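These notes concern the structure reproduced below.
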Amino acid sequence: SVTEGTILEWHVQEGGTIAVDDILVEISTDKVDAEMPSPASGKVVEILAKEGEDVQVGQVLARISTEEGAVATGDGSAGGEDSGDSEASAPQVATTGEGSDPAVPHEGAKTDSDAGELLEIIAPSGGESVTEATVLGWIAEQGATVADGEPLLEVSTDKVDMELPSPGAGVLVDLLVAEGDTVVPGQVLGHVQAGAGASAGTKPAGSDAPPVGSAAEAGSNGSGNGSGITADTRISPIAARKAEAEGISIAGLTGSGAGGRIMVADLDGAPAGGSAPAGSSAPAASETKSTALRGGAGALARYMDESLTVPTATSFRTITVTQMAGRREQLKAAGKKASFTHLIAYAIARAATEVMPVMAYRYEVIDGKPTRHDDGQVNLGIAVDVEKRDGSRTLMVPVIRDAGRLSFQGFLDAFADLITKARDNKLSADDLQGGNVSLTNPGGIGTIASVPRLMSGQGTIIATGSIAYPVGLANVGKELGVEKVMTMTSTYDHRIIQGAESGRFLQTVEAYLQGEHEFYEGIFKDLGVAIGPKPTAPKPTLQAPAQTFTAGGGGGIDLELLQAVQAGTAIIKAHRTHGHLAARLDPLGTEPKGDPSLSPDALNLTPELMSRIPSKVLRVHVDGESLSESLPKLRDVYCGTLAYEVEHISSHRQRTWLREQIESGTHRTQLSDADKVRLLDRLIAVDAFERFMHKAYLGQKQFSIEGLDMTVPMID
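Numbering (my numbering), first residue to last: 952 to 1667.
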């Protein structure tokens, strides 16, 4: 958020000498007062901003003539000694302001009448909210001859990685920043001497060190090693480090970079050249390693922290995919490529645009007041897992603008363009701005359901799970005629979107995917394809084996046993329905009246027959292998000191759940003696309070808990 500052005090004067890292000037911003160190040793030849003057981020504040004098001065001299020209300057780690054309030197930049203009390599503006970038590495070496537009270095912002091209043809004479440095938009990163005739790979006079970012610097002593990298190898610094760390041999590799330069992507599939050199091998299991998160990874960490301030909730919905899968196959047969992600994303965009625009609302604080902001369109972000050039992975979310009003063909084109840019690391900051609804698809790697983080500034993020048979039916789903399903989740900002709205949104998206709102008719029309018949749900292919039932023996069914099983089912039902009539609930010991249906004798069930009936066919949840073992335990449950009446409940799901809880005893907890004493004390207190109320407020209307005493400790 810091965009400007004020010059407080200069610590040097024009004509004065200064050493590297000596304090040049103090600057005050709305966040902090900071001292700016000198980027080089030399003579201060020009101060461009006066004390008390407001300056912008990236603005050039002063110029220093360096001691080495590698940069030409205005009169064509080498510039090693002070020529007396107060306009002489050397390039600094200073900036010329946003919007500068990197191909044209700023006002005050000097030219060499013999060698041509000194062109500045300027860090570009990364778009809205981008205030800094990290240098990933130099692609070209100092002293190398470069062509106009040839990539010189790579930088990473919190939005995107990019290559910076040469502002003109000439020789790269200065590298003012090194790998890992943080730079700001408009900062001068280096210089190209336009029209200079130095040969590629040469160094400036007086420089004995290897060029910054060269293979010699990245390699091991500039000599051969397991990867075969030497000082003469044309390879990017990142690729050199990866090759040496992983022992990849570059022998015979042809680079895809400018001038045959080997890039990280060229190392894929290259053979190993031996073990990695000493000092660059992978850390041992007992070692620890810390790596600072920079660029996109650092930004993602910050976004995750910011997302913690968003109060979210999540809705789940599982849908069948028969219609979507069938329509996709019809498109495929017609020669049109459309993935499940394309169809789902388009349905989300259409649903949020046409039916549920609330899902694209954004929360903002304006003038200190919470505000709901409506963009008037759905800007759909698509989460993309991207492999960066250094081999690491990051998450990019490019945005399709007004996605719900695009034709399906237009949507496919926009989708493909953004995904291609993401894969090729060519996304601009503008491609990543303004999303208000996002889609992530972890189902592609088998995730059933996901609750992703909602980024600040968005209304909703939709996650889709894997498309598969319900769990446990993968091997028999087709034979049983089971439909494949997919789980969608909607994670939303609960300050502006309510749960009912999120649930209805998922319902609406499902309606689109099931073919309502003429969803598929519009898609097929946009693609110029005739729509086929409506897909139908699969039918089971299993056939039940035919059986012949005969009375008596000879391999037939034992009718007596069948009758016993029917009687066993009846006595189980009787205990569940009328068992409370035989429950021992009277503390004075009065015998309950019971019910005849609870007796095995009334159903002609003998111990022998009950021992032949497996308990599992009766679907009881008490222990026991046969009815003769299970029935006494069932009687203890329903006719003991607790009584249950649940069979009148109309919901079958609730009844079966209650039966399982009651009969398995999972709800029963054996109380300790101390717990029993505490329970008794609580009941006495409840009873005493009830008696007090009756005596203290005679004749008054009052709430009574007579008969409900036990609910108080139950609630406790």
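Cβ atoms here follow ideal geometry from the backbone N, Cα and C, with glycine treated the same way.
Remember, it's a predicted structure, so these values are computed and weren't measured experimentally.
- Between the alpha carbons of Leu-1630 and Ser-1550 lies a gap of roughly 36 Å.
- Counted as a single uninterrupted DSSP element, the alpha helix (DSSP H) harbouring Pro-1664 occupies residues 1662-1666.
- Looking at Leu-999, Thr-1017, Ser-1016, Gly-1003, the one whose alpha-carbon comes closest to that of Gln-1010 is Leu-999.
- The criterion of a C-beta distance shorter than 8 Å is not satisfied by Leu-1140 and Ala-1098.
- For Trp-961, the beta-bridge partners assigned by DSSP are Val-976.
- Residue environment analysis places Arg-1619 among the exposed positions, since fewer than 16 neighbouring C-beta atoms fall within 10 angstroms of its C-beta.
- Judged by DSSP secondary structure, Ala-1373 falls within the alpha helix (DSSP H) whose first and last residues are 1359-1374.
- Within the model, the alpha-carbon separation for Met-1437 versus Ala-1303 is close to 20 Å.
- Among the bridge pairs identified by DSSP, Glu-986 is matched with Glu-977.
- For Ile-1412, the CB contacts under 7 Å within the same chain, skipping 5 residues up- and downstream, are Ser-1389, Thr-1391, Pro-1403, Leu-1405, Thr-1442 in chain order.
- Ala-1414 has its alpha-carbon roughly 20 Å from the corresponding atom of Asp-1353.
- Straight-line spacing of the CA atoms in Ile-974 and Met-987 works out to 6 Å.
- Within 10 angstroms of the beta-carbon of Asp-972 lie fewer than 16 other beta-carbons, which makes it exposed.
- The criterion of a C-beta distance shorter than 8 Å is not satisfied by Leu-1069 and Trp-1089.
- About 4 Å separates the CB atoms of Ile-1564 and Leu-1578; that is less than 8 Å, so the two are in contact.
- In the DSSP assignment, Ile-1015 falls outside any alpha helix (DSSP H) and lies within the beta strand (DSSP E) extending over 1013-1017.
- At the C-beta level, Gly-956 and Val-995 stay beyond 8 Å of one another.
- In terms of Cα proximity to Gly-1386, the closest of Gly-1327, Gly-1416, Asn-1376 is Gly-1327.
- Assignment of Met-1275 by DSSP, reduced to helix, strand and coil, places it in the helix class.
- Excluding sequence positions up to five before and after Gly-1410, its CB lies within less than 7 Å of the CB of Met-1310, Ala-1311, Tyr-1312, Arg-1313, Asn-1387, Val-1388, Tyr-1443, Asp-1444, Ile-1447, Ile-1448, all in the same chain and listed in chain order.
- By the Cβ rule, the region 1602-1614 does not count as touching the region 1628-1646, because fewer than three pairs are nearer than 8 Å.
- The C-beta separation of Ile-1333 from Phe-1366 comes to about 7 Å, placing the pair in contact by the 8 Å criterion.
- Between the alpha carbons of Ala-1202 and Val-976 lies a distance of about 51 Å.
- Per DSSP, reduced to three states, the secondary structure at Leu-1512 is helical.
- Distance from the CA of Val-1135 to the CA of Pro-1484, rounded to the nearest whole angstrom, comes to 58 Å.
- The C-alpha of Asp-1382 is placed about 41 Å away from the C-alpha of Ser-992.
- The beta carbon of Lys-1372 lies closer than 6 Å to those of Leu-1378 in the same chain, with the five residues before and after it left out.
- In this structure, DSSP gives Ala-1521 a helical state, which the three-state scheme calls helix.
- Under the DSSP assignment, Pro-1102 falls outside any alpha helix (DSSP H), being part of the beta strand (DSSP E) whose first and last residues are 1102-1107.
- When DSSP reads this structure, Ile-1413 sits in a beta bridge with Leu-1390, Ser-1441.
- Remark: C-beta atoms of Ala-1264 and Gly-1450 approach each other more closely than 8 Å.
- Taking the CA atoms as reference points, Leu-1560 sits about 37 Å from Pro-1491.
- If you compare the alpha carbons of Val-1143, Thr-1398, Asp-1112, Met-1113 with that of Val-1122, the shortest gap goes to Val-1143.
- Using a Cβ-Cβ distance cut-off of 8 Å, the region 1254-1264 and the region 1276-1292 are not in contact, since fewer than three pairs of beta carbons, one from each stretch, lie closer than that value.
- Going by DSSP, Val-1122 is part of the beta strand (DSSP E) stretching over 1121-1126.
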